[in-house]
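Remarks on the structure that follows.
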Ligand SMILES: [Zn+2]
Ligand SMILES: [Zn+2]
């Protein structure tokens with residue numbers, strides 16, 4: 526189960542989705558869920574700016590609020606929502622052994638095909 530920072534890496538997560546990880550929230554980069562440019566609202570989670578995808582609904586924020594229908598399947602992103610994220614650190618585990626080594630033996634036909642492919646690539650010619 527993912528928790529804390531892992532949930533935020535490379536993602537745009539609402540406060541509700543993060544569920545009370547206050548310490549993580551403080552470190553996270555946050556921005557409002559919608560970008561407003563010349564009266565056009567663009568959802569920062571999915572990039573949709575089509576007003577037909579923005580459905581008005583009553584909200585505790587008191588303003589005329591709406592949410593994005595285009596990315597509703599990822600959770601409701603409202604006009605008053607904040608999105609939290611952290612840059613993906615790309616901390617991939619290193620393999621202890623060389624995992625791309627094959628210790629098999631090619632058949633005669635496979636060896637010939639392999640040799641032909643290598644020769645073709647080296648000579649940059651098309652068969
Ligand atoms: Zn959206
Ligand atoms: Zn609202």
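In the working numbering, the protein residues as written are 526 to 652.
The beta-carbon is built from N, C-alpha and C at its ideal position, and this holds for glycine as well.
Asked: Residue span of the alpha helix (DSSP H) that contains residue 548, given as start and end; Found: 547-552
Asked: Bridge-paired residues (DSSP) for residue 561; Found: 566
Asked: Any heavy atom of ligand 2 nearer than 5 Å to the CB - residues listed; Found: 584, 586, 590, 603, 605
Asked: Outcome for residue 604 when other beta-carbon atoms lying within 10 angstroms are tallied against a minimum of 16; Found: buried
Asked: Test: residue 645 CB closer than 9 Å to a CB of chain D; Found: You won't find chain D in this structure, because it holds only one protein chain.
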